[in-house]
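Asker: Below you'll find the structure I mean.
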Amino acid sequence: MPTDILYLLRQRVYIIFSLGCVNREILSKDRIMTNTNDKNLHQIRAGRVTLSSNVILAPLAGITDYPFRKIASGYGPGLTVTEMISARALCHGNMKTTRMATPGIDEHMVSVQLFGANPQHMKDAAIICQNLGAPMIDINMGCPQKKIIKSGAGAALMKTPELAAAIVEAIASGVNVPVTVKIRLGWDSRSINAPEFAHLMEDAGASMITVHARTKTQMFGGNTDWKAIRSVKESVKIPVVANGDILSVQDAEQCLMESGADGVMIGRGALGRPWFLRQVADYLSGNQELFQPDLRHVSKTIDQHLELIDRYYSEPASTWMFRKHLAWYTKGMKHSAMFRDTLFRVAGIENLKALKKDFFETFQD
Ligand SMILES: Cc1cc2nc3c(=O)[nH]c(=O)nc-3n(C[C@H](O)[C@H](O)[C@H](O)COP(=O)(O)O)c2cc1C
Numbered sequence: 115m116p117t118d119i120l121y122l123l124r125q126r127v128y129i130i131f132s133l134g135c136v137n138r139e140i141l142s143k144d145r146i147m148t149n150t151n152d153k154n155l156h157q158i159r160a161g162r163v164t165l166s167s168n169v170i171l172a173p174l175a176g177i178t179d180y181p182f183r184k185i186a187s188g189y190g191p192g193l194t195v196t197e198m199i200s201a202r203a204l205c206h207g208n209m210k211t212t213r214m215a216t217p218g219i220d221e222h223m224v225s226v227q228l229f230g231a232n233p234q235h236m237k238d239a240a241i242i243c244q245n246l247g248a249p250m251i252d253i254n255m256g257c258p259q260k261k262i263i264k265s266g267a268g269a270a271l272m273k274t275p276e277l278a279a280a281i282v283e284a285i286a287s288g289v290n291v292p293v294t295v296k297i298r299l300g301w302d303s304r305s306i307n308a309p310e311f312a313h314l315m316e317d318a319g320a321s322m323i324t325v326h327a328r329t330k331t332q333m334f335g336g337n338t339d340w341k342a343i344r345s346v347k348e349s350v351k352i353p354v355v356a357n358g359d360i361l362s363v364q365d366a367e368q369c370l371m372e373s374g375a376d377g378v379m380i381g382r383g384a385l386g387r388p389w390f391l392r393q394v395a396d397y398l399s400g401n402q403e404l405f406q407p408d409l410r411h412v413s414k415t416i417d418q419h420l421e422l423i424d425r426y427y428s429e430p431a432s433t434w435m436f437r438k439h440l441a442w443y444t445k446g447m448k449h450s451a452m453f454r455d456t457l458f459r460v461a462g463i464e465n466l467k468a469l470k471k472d473f474f475e476t477f478q479d
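The sequence shown maps to residues 115 to 479 in my numbering.
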């Protein structure tokens with residue numbers, strides 16, 4: 115981008131932002147005294163692996179890449195999960211896919227999530243993942259995307275329980291690491307089959323089950339039904355993790371209470387506020403005061419995240435990823451709409467870094 119355009123954009127941002135200071139609501143809204151129940155935070159045992167905490171970061175395609183997982187890991191989740199990875203592409207030696215499936219050497223507890231509908235491909239892909247260093251393998255049985263469903267993978271597997279079980283069996287017979295599955299309540303409200311389905315997966319060799327408390331037809335909208343997870347919990351002996359719409363620390367507690375689940379998995383609630391994972395853990399442990407990031411902490415976290423993105427990707431992928439996260443981090447701050455407007459017109463890592471710097475410097479106390 116020509117420097118004069120950048121200069122104008124930066125000036126615009128500077129002027130707009132110098133009109134006020136950052137809305138601290140986003141920083142203070144989680145300033146909540148905690149509950150007193152200290153039984154809600156605990157370890158989870160999935161096969162031969164013990165997770166240090168039952169607060170887990172959800173797999174999010176296009177988001178839970180190495181940089182985001184690394185940042186999120188700083189807030190103590192028991193597990194993070196990669197973006198869903200095509201078993202077929204991995205078996206074909208696709209370089210980009212192989213990189214996605216490779217845990218960072220400094221990542222101690224990450225599960226690699228595979229999607230596919232062919233047991234042999236899934237087994238071969240899982241073996242590749244294990245060889246790449248995956249401590250756990252997760253199978254996507256909840257993705258509602260047309261492209262995925264059409265191939266019989268994702269949530270389509272909930273309509274073909276025998277095939278789903280064959281996949282789990284195949285993978286479990288091929289790797290030593292725990293195999294887990296992530297499902298939904300069922301295909302639609304008339305075909306809720308999560309309890310029987312989960313039981314089948316356990317018999318096939320699954321070590322843990324995460325349930326997104328929606329049906330496939332609900333996609334990502336409509337109400338979650340945490341209570342419906344209780345029958346899944348009652349149908350299996352392996353740990354059950356509840357997922358869907360946990361956006362506040364109280365949600366996490368409520369979700370555990372209603373579902374009877376062993377843990378919570380958090381996705382969108384951690385976007386732009388990875389510290390939410392720690393706040394949830396704080397709350398569930400009954401700590402007197404939740405971890406509260408101040409503006410300096412937020413700014414530093416963003417810088418670290420942007421640095422990781424810069425090192426992990428090349429252009430234009432780094433710009434796309436950078437913008438997305440910056441928009442989430444600044445959501446709720448004063449003038450963030452205007453900031454985002456500018457953000458999406460600025461390209462190049464250095465320019466984006468400068469934009470972020472202006473934004474925060476202007477609003478420092
Ligand atoms: C942008 C986006 C990407 C997602 N990618 C995946 C994925 O790769 N694998 C998966 O199992 N679920 C995926 N999900 C579903 C989430 O893991 C989670 O089940 C869902 O968002 C509900 O949890 P939440 O309300 O905490 O976000 C995705 C959801 C979103 C919004």
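Glycine included, each C-beta is placed from N, C-alpha and C at the ideal position.
#1: In whole angstroms, what is the alpha-carbon distance linking residue 209 and residue 288?
#2: Ordered along the chain, which non-local residues of its own chain (more than five positions away) have a Cβ less than 7 Å from that of residue 436?
#3: Spell out the partners DSSP gives residue 322 in its beta bridges.
#4: For the beta strand (DSSP E) that residue 164 lies in, which residues bound it at each end?
#5: What residue range does the alpha helix (DSSP H) around residue 240 cover?
#6: Is residue 296 near ligand 1, going by C-beta to nearest heavy atom under 7 Å?
#7: For the putative contact between residue 329 and residue 301, defined by C-beta atoms under 8 Å, what is the C-beta separation to the nearest angstrom?
#8: Return yes when the Cβ of residue 319 is within less than 8 Å of the Cβ of residue 347, no when it is not.
#9: So if DSSP puts residue 357 in a beta bridge, which residue, or which two residues, is it bridged to?
#10: Expressed to the nearest angstrom, what Euclidean distance is found between the alpha-carbon atoms of residue 448 and residue 454?
#11: If you check the beta carbons only, do residue 505 and residue 198 fall under 8 Å apart?
#12: May I have the straight-line CA-CA distance separating residue 434 from residue 175, to the nearest angstrom?
#13: In chain order, what residues of the same chain have a beta carbon less than 6 Å from the beta carbon of residue 474, not counting five sequence neighbours either side?
#14: From 429, 238, 263 and 223, pick the residue whose C-alpha is nearest to that of residue 249; which is it?
Answerer: Reading from the atomic positions:
#1: Take the alpha-carbon of residue 209 and the one of residue 288: they are about 22 Å apart.
#2: The beta carbon of residue 436 sits closer than 7 Å to those of 420, 423, 463 and 466, all from its chain and outside the five residues before and after it, given in chain order.
#3: For residue 322, DSSP records a beta bridge to 294.
#4: Per DSSP, residue 164 belongs to the beta strand (DSSP E) from 163–165.
#5: Under the DSSP assignment, residue 240 falls in the alpha helix (DSSP H) whose first and last residues are 233–246.
#6: Correct: residue 296 has its Cβ closer than 7 Å to ligand 1.
#7: Confirmed, Cβ separation roughly 6 Å.
#8: In this structure, residue 319 does not lie closer than 8 Å to residue 347 by Cβ.
#9: DSSP lists 326 and 379 as partners of residue 357.
#10: Taking C-alpha positions only, residue 448 is separated from residue 454 by approximately 11 Å.
#11: Look at the range of the chain in this structure, 115 to 479, and you will see that residue 505 is not part of it.
#12: Taking the straight line joining both Cα atoms gives about 14 Å.
#13: Cβ within range, chain order: 413.
#14: Among 429, 238, 263 and 223, the Cα nearest to that of residue 249 is on 223.
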